[in-house]
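These protein sequence lines map, in sequence, to chains A and B. Going left to right, the first sequence walks through residues 358 to 572 as the working numbering numbers them. Going left to right, the second sequence walks through residues 358 to 572 as the working numbering numbers them. Reading through the structure tokens given below for one structure.
2 protein chains.
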Amino acid sequence: MGTKKRAGPRRRRLTAEARRELIERAATEVFAEHGYHRASIDEIARRSGVTPPVVYDHFSSKKDLHKRLLERHYAELGEIWRRYFPGEDPPEQRLAGAIDAWFAYVQNHPYAWRMLFRETSGEPDVQAAHREVQVRSRAALLPLVAGETGSENIAGSGDAAGLEMAWEVFRAVLQGLALWWYENQHIPRDRMVSTAMNALWVGFERVRSGERWEA
Amino acid sequence: MGTKKRAGPRRRRLTAEARRELIERAATEVFAEHGYHRASIDEIARRSGVTPPVVYDHFSSKKDLHKRLLERHYAELGEIWRRYFPGEDPPEQRLAGAIDAWFAYVQNHPYAWRMLFRETSGEPDVQAAHREVQVRSRAALLPLVAGETGSENIAGSGDAAGLEMAWEVFRAVLQGLALWWYENQHIPRDRMVSTAMNALWVGFERVRSGERWEA
DNA sequence: GGACTAACCTAGTCTCCGTTAGGTTTACCG
DNA sequence: CGGTAAACCTAACGGAGACTAGGTTAGTCC
């Protein structure tokens, strides 16, 4: 009853690129907040200022959208390490610097990293994409941080499995602390960095110098 | 066309208790494999040898079923620590013993622990249940392992936040290694224990003795 | 200022899945 | 044996949400 077509919402018409960026931002939020399954195209569209079909003008499916975001944000995180870890300073300082930059990213991109870490979706395709991108990051970053940090020794001699396990410890600690920090945002960043360094560097250094735990 | 009612599948009729146990086992598997959302009542029922409505004779909803399993399996894991950690031996040995028992559980219950660790479902109720039960475990176990292991020092002096962070490192490392181990089952358990001990004990001990990382 | 492209919309379809209503059969107990 | 409780079934509902068909309007370019 009343006005037939459109109550005149005066939609702003954007370029495809600009709208696409809005959709990606909104989708990152929604995926981070609700996880893959509960993230609805409807909500993503609403937060982008459009209706659902518009999303499909830019992405062929929900999975496709998700996958693109995964790759985008993993690349950003990888970039952090590539930019802040290499250098001439002693490894201890470079590691601390990289970890600080990493926590800074976590602080400034409250959605991007949560979308990557908070979920292991049951959707086979999504899980596969997740894994693939994780393996790629590991392959790219492992040679960067191993060797110099002594992380190759934590899990036995430097065989492939040992390296992967050391990487896993690294990853788990940083990811775990980041998730905890999100729930405890009053903690200053430098304390997070100290904690990570105490767990990862001080301990590893001792192991690195040859000490092992023996049954 | 043909036989009207039932091609005679000869269903075995069980007691409510026995059927309930079958359903819980099957549900644990399915939740572990697919995560909460993709776990369908249909599949759970099929693996329990019944049809979907029977599940509702035992559990009021999918959420209810999931919640019961969460509590059951968290209790089992907590029991491990309560049984294997306390004692008269030096803390180093007791910690190693408990970690070994923990990995043994992981090895022998390939579904239960994955159901707990592999997921952070978007479903608000489920997430809330997850969190509640995690907080309860932490409250129960933290006083058990803190203090003796020196874990209170990794994250600064023994304030509440520091304790929680140390706990988080513990949890993250054990959980991360368990998930990695699941994908690399050829690694013997004692090597997993050594790795965990090298990461958690050797390093912590040094921090415990007063050493800290300083910017 | 007319025409054309493409950004955007309305209105639906279709499938999956949790859940329920209500009947049927098995086991057990007297 | 019968009667009864409860274990189990068939059949269907209802809602949610991914995705699509096809039209409408806003910018843009001669």
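Don't be surprised by glycine CBs; every beta carbon is placed ideally from N, CA and C. The structure presented is a predicted model; accordingly, all values stated were derived computationally and were not measured.
TODO: Please report the residue range of the alpha helix (DSSP H) in which I437 (chain A) lies.
DONE: On the first sequence, residue 437 (chain A) is found 80 positions in, with the first residue counted as 1. I437 (chain A) -> alpha helix (DSSP H) spans 419-441.
- [ ] Would you check if the distance between the CB atom of T408 (chain A) and the CB atom of M472 (chain A) is smaller than 7 angstroms?
- [x] Counted from its first residue, the first sequence places residue 408 (chain A) at position 51. Counted from its first residue, the first sequence places residue 472 (chain A) at position 115. No; because the gap between Cβ atoms is not below 7 angstroms, this pair is not in contact.
Task: Short Cβ contact (7 angstroms threshold) for G392 (chain A) with G479 (chain B) - done: Counted from its first residue, the first sequence places residue 392 (chain A) at position 35. Counted from its first residue, the second sequence places residue 479 (chain B) at position 122. With respect to the 7 angstroms criterion, G392 (chain A) and G479 (chain B) are classified as neighbours on the basis of their beta carbons.
Task: Inter-stretch contact at 8 angstroms, needing at least 3 Cβ pairs: the segment 511-528 of chain B / the segment 414-432 of chain B - done: With a cut-off of 8 angstroms, the segment 414-432 of chain B and the segment 511-528 of chain B do not count as touching, because too few Cβ pairs lie within range.
- [ ] Answer yes or no: does any C-beta atom of chain B fall closer than 7 angstroms to that of W470 (chain A)?
- [x] Here the question's residue 470 (chain A) lines up with position 113 in the first sequence. For W470 (chain A), the answer is no, since every Cβ of chain B falls outside 7 angstroms of its Cβ.
TODO: Note the first and the last residue of the continuous alpha helix (DSSP H) segment covering Y539 (chain A).
DONE: Here residue 539 (chain A) refers to the residue found at position 182 when the first sequence is read from its first residue. Per DSSP, the continuous alpha helix (DSSP H) segment holding Y539 (chain A) begins and ends at 517-540.
- [ ] Starting from R528 (chain A), find everything on chain B with Cβ-Cβ shorter than 7 angstroms and list it in chain order.
- [x] Sequence index remark: in the first sequence, residue 528 (chain A) carries index 171 (1-based). Chain B residues near R528 (chain A): G533.
TODO: Work out the CA separation of R495 (chain A) and A486 (chain A) for me, nearest whole Å.
DONE: Residue mapping note: residue 486 (chain A) aligns to position 129 of the first sequence, counting from 1. Residue mapping note: residue 495 (chain A) aligns to position 138 of the first sequence, counting from 1. Rounded to whole angstroms, the separation of the alpha carbons of R495 (chain A) and A486 (chain A) is 14 angstroms.
Task: Partner residues on chain B for E480 (chain A), Cβ-Cβ distance less than 7 angstroms - done: One-based indexing of the first sequence puts residue 480 (chain A) at position 123. In chain order: R395.
Open item on the list: Between the alpha carbons of E525 (chain A) and L531 (chain A), how many angstroms are there, rounded?
Closed with: Within the first sequence, residue 525 (chain A) is the residue found at index 168, counting from 1. Within the first sequence, residue 531 (chain A) is the residue found at index 174, counting from 1. C-alpha separation (whole angstroms): 10 angstroms.
Open item on the list: Can you list, in chain order, the residues of its chain with a C-beta nearer than 8 angstroms to that of T372 (chain A)? Leave out the 5 residues immediately preceding and following it.
Closed with: Locating residue 372 (chain A) in the first sequence gives position 15, where the first residue counts as 1. Its chain contains no residue whose beta carbon lies nearer than 8 angstroms to that of T372 (chain A) once the 5 sequence neighbours on both sides are disregarded.
TODO: Kindly list, in the order they appear in chain B, the residues whose Cβ is closer than 8 angstroms to that of R569 (chain A).
DONE: Position 212 of the first sequence, counting from 1, holds the residue named residue 569 (chain A). Those within 8 angstroms of R569 (chain A) in chain B are S551, N555, V559.
Open item on the list: With a threshold of 7 angstroms between beta-carbons, can R546 (chain A) be considered close to chain B, or not?
Closed with: Looking up residue 546 (chain A) in the first sequence gives position 189. Using beta-carbon distances, R546 (chain A) does not count as an interface residue toward chain B, since no partner is under 7 angstroms.
TODO: Examine chain B for any beta-carbon lying closer than 7 angstroms to the beta-carbon of R475 (chain A), and answer yes or no.
DONE: Numbered from its first residue, the first sequence carries residue 475 (chain A) at position 118. At a cut-off of 7 angstroms between beta-carbon atoms, R475 (chain A) makes contact with chain B.
- [ ] Using a threshold of 7 angstroms, state whether the C-beta atoms of A379 (chain A) and S417 (chain A) are closer than that.
- [x] The residue you call residue 379 (chain A) lines up with position 22 of the first sequence. The residue you call residue 417 (chain A) lines up with position 60 of the first sequence. Per the sequence shown, the amino acid found at residue 379 (chain A) is Leu instead of Ala. No, they are not a contact pair.
Open item on the list: Using the three-state DSSP reduction, which class does G392 (chain B) fall into: helix, strand or coil?
Closed with: Mapped onto the second sequence, residue 392 (chain B) falls at position 35. In the structure shown, G392 (chain B) sits in a helix (DSSP, three-state: H, G or I).
Open item on the list: Here's a check: name, in chain order, each residue in its chain whose Cβ is nearer than 6 angstroms to the Cβ of I498 (chain A), leaving out the five neighbours to either side.
Closed with: Along the first sequence, one-based indexing puts residue 498 (chain A) at 141. A quick correction: the sequence has Leu, not Ile, at residue 498 (chain A). Correct list, in chain order: W438.
- [ ] State buried or exposed for H543 (chain B), treating a residue as buried only when at least 16 other CB atoms are found within 10 Å of its CB.
- [x] Residue mapping note: residue 543 (chain B) aligns to position 186 of the second sequence, counting from 1. Result: exposed.
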